[in-house]
Amino acid sequence: MKKKILILGMALMVAAGISACNASSKTSSSEATTTESKQADAKAEDSKQAESDKEDKKFPEFTAKTVSGEDISSDLFKDSKLTVVNVWGSWCGPCVQEIPELQKLYESMKDKDVNVIGLAQDAGTDLDAVKEIIDKNKVTYQNIVPEGATEDFVMSIMAFPTTFFVDSDRNIVGVIQGNRNLEAFTAAVEGVLEKLK
Numbered sequence: 052m053k054k055k056i057l058i059l060g061m062a063l064m065v066a067a068g069i070s071a072c073n074a075s076s077k078t079s080s081s082e083a084t085t086t087e088s089k090q091a092d093a094k095a096e097d098s099k100q101a102e103s104d105k106e107d108k109k110f111p112e113f114t115a116k117t118v119s120g121e122d123i124s125s126d127l128f129k130d131s132k133l134t135v136v137n138v139w140g141s142w143c144g145p146c147v148q149e150i151p152e153l154q155k156l157y158e159s160m161k162d163k164d165v166n167v168i169g170l171a172q173d174a175g176t177d178l179d180a181v182k183e184i185i186d187k188n189k190v191t192y193q194n195i196v197p198e199g200a201t202e203d204f205v206m207s208i209m210a211f212p213t214t215f216f217v218d219s220d221r222n223i224v225g226v227i228q229g230n231r232n233l234e235a236f237t238a239a240v241e242g243v244l245e246k247l248k
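And the structure:
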């Protein structure tokens, strides 16, 4: 019996380590989900979080560069009904794991007036690592190098990855932490879009 409890405890710790990265220590932490019912509960919770009442918080105004050197500003939010902003780091396994899912989301949601952008936490200090991940995953959505207001914003985040849902007026209308698959991202986006109607 004690052996089973020990094995279960170890499995929970490993699952927690895979789920999210702690911003301050760059180590992983999150609640573990060990059964399909818990995973379904997590997906339902994501939808609830994404559909939560509008916060008074706005995404900061900014001007910056993308990892490819293009100019970009907070005016990009005006171009879409909803923008999914994924804050990630090249050092964060769960962040890197969800990048292909975000690319699929970007491709599948264009016709619904939804944009996806990345905010690469360490692009200012390790641009080569960030570019390598973007190239390896054939990412076509824009990724921003944090500076000024976006750097301050990133520094306030406690866990990576964190994904923000931002409307065309820069209002943050939803937030989820931890990595997700395409199905979970799609459900969250659709929930937010329904709320914005």
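Residue numbers (this note's numbering): 52 to 248. Just so you know, even glycine gets a beta-carbon here, dropped at the ideal spot from N, CA and C.
Could you give the DSSP three-state label for residue i: helix, strand or coil?
i: Ile150; result: helix
i: Phe215; result: strand
i: Thr191; result: coil
i: Ser159; result: helix
i: Gly242; result: helix
i: Ser169; result: The identity of residue 169 in the sequence shown is Gly, whereas the question assumes Ser. If DSSP states are grouped into helix, strand and coil, Gly169 belongs with the strands.
i: Ala115; result: strand
i: Ala235; result: helix
Are the CB atoms of residue i and residue j nearer to each other than 9 angstroms?
i: Asn222; j: Leu170; result: no
i: Asn194; j: Val205; result: no
i: Val167; j: Leu178; result: no
i: Gly199; j: Thr114; result: yes
May I ask which residues mark the beginning and end of the beta strand (DSSP E) holding residue i?
i: Lys182; result: Segment Leu178 to Lys187 is the alpha helix (DSSP H) holding Lys182; no beta strand (DSSP E) there.
i: Val226; result: Ile223 to Gln228
Would you report the Cα separation of residue i and residue j, rounded to the nearest angstrom?
i: Asp220; j: Lys246; result: 15 angstroms
i: Gly229; j: Asp130; result: 27 angstroms
i: Pro151; j: Met160; result: 14 angstroms
i: Leu244; j: Thr213; result: 19 angstroms
i: Leu233; j: Thr117; result: 24 angstroms
i: Gln172; j: Glu158; result: 23 angstroms
i: Thr237; j: Leu156; result: 7 angstroms
i: Ser207; j: Val224; result: 18 angstroms
i: Gly175; j: Glu149; result: 21 angstroms
i: Asp203; j: Ser141; result: 18 angstroms
i: Phe110; j: Val217; result: 7 angstroms
Along the chain, where does the alpha helix (DSSP H) containing residue i start, and where does it finish?
i: Asp203; result: Ala200 to Met206
In the DSSP assignment, what are the bridge partners of residue i?
i: Leu127; result: Answer by DSSP bridge pairing: none, since Leu127 is not bridged.
i: Leu133; result: Val165 and Asp218
i: Lys109; result: Asn222
i: Trp139; result: Ala171
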